[in-house]
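A.B. asks: Supplied in structure tokens, the structure appears directly below.
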Amino acid sequence: MNAAISIRDEREPFLGLHGTDLIRALAAAYPGKVAAISSFGAEAAVLLDMVAVVDPSLPVLTADTGCLFPETLEYRNCLVRHLGLQDVRILTPEPSQLYCRDPGKDLWWTDPDACCQLRKVEPMAWASRDFKVLIDGRKRFHGGGRADVEAVSPWGVKLKAAPLAAFGPEDIEHAFIKRNLPRHPLVTAGYPSIGCEQCTSPVAAGEPVRSGRWAGSAKTECGIHKSPWL
Ligand code: SF4
């Protein structure tokens, strides 16, 4: 049996599940091998609330690039306290790699793919090496490469799960209200999607959710969802 067939088979118990049902089923099937990935951005509270409902001790991996908005750092602390998350792992790039590969701290401008690779993809790849399942908050309504995201998909030798894949904007808003979740302070300032400070712009009402990310360039993803790294 080749690896592709084996991975497809691994999805079968979870097909048709979403939300907390999916997270619960994955956590039961792979104890100690499931982690969530979060940017603690505009809609992060909805996924993290589901994780906390299932098991607040599930690891949450989050990249701290050193370029995040101060509001995101405050919001991260606020959400962790509010939800009672017990194992949030803040991932930072290697100082020696920063020194060697971005001595002028301008890589975000000269080569943003390389900057994301250094500050997000590599720390996330290292931190997730021992996990079988990575859960994230991608949703189809965000469009672009996310328009056809599946709730469970093969990811190299791992499984990726997107419990909110089928959620629409109204579902997200409903979850915020129903669960009384705190909001990222930049949302009301016009940021419906929030990454690093120098690469995120506010967007006008009605514009695509992620249009303020790397605005004016062809780049649409940081890379941690783009291709299997392990
Ligand atoms: S989002 Fe911008 S600043 Fe952040 S890691 Fe990527 S290129 Fe660098």
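Taking my numbering, the leading residue of the sequence shown gets 64, the next gets one more, and so forth. Every residue gets a Cβ at the ideal spot worked out from N, C-alpha and C, and that includes glycine.
#1: Taking DSSP as the reference, what is the three-state secondary structure of T283?
#2: Please determine whether the Cβ atom of G82 lies at a distance below 6 Å from any heavy atom of ligand 1.
#3: Rounded to whole angstroms, what's the CA-CA distance from P156 to V212? Just pull it up for me.
#4: Confirm, please, whether the CB-CB distance from R201 to A225 is below 7 Å.
#5: Hey, could you find the ends of the alpha helix (DSSP H) L181 is sitting in?
#6: How many angstroms separate the CA atom of T83 from the CA atom of V109?
#7: Let's see if you can read the secondary structure: which residues bound the beta strand (DSSP E) around S274?
#8: Quick one: grab the DSSP three-state call for T128.
#9: Could you spell out the range, first to last residue, of the alpha helix (DSSP H) harbouring P216?
#10: What I want to know is whether the C-beta of C259 ends up closer than 6 Å to one or more non-hydrogen atoms of ligand 1.
C.D. replies: Reading it off the structure:
#1: In the three-state reduction of the DSSP assignment, T283 falls in the coil class, being assigned neither a helical nor a strand state.
#2: Taking the Cβ of G82 as the reference point, every heavy atom of ligand 1 lies at 6 Å or farther away.
#3: Distance between the alpha carbons of P156 and V212: 28 Å.
#4: A225 is a Cβ neighbour of R201, given a cutoff of 7 Å.
#5: For L181, there is no enclosing alpha helix (DSSP H), as DSSP marks it with neither H nor E.
#6: Going from the Cα of T83 to the Cα of V109 covers about 11 Å.
#7: First-last for S274: undefined, no H or E at that position.
#8: In the structure shown, T128 sits in coil (DSSP, three-state: anything other than H, G, I, E or B).
#9: Residue 216 is actually Ser in this sequence, not Pro. Premise fails: S216 lies in the beta strand (DSSP E), V215 to W218, not in any alpha helix (DSSP H).
#10: Yes, Cβ of C259 sits closer than 6 Å to a heavy atom of ligand 1.
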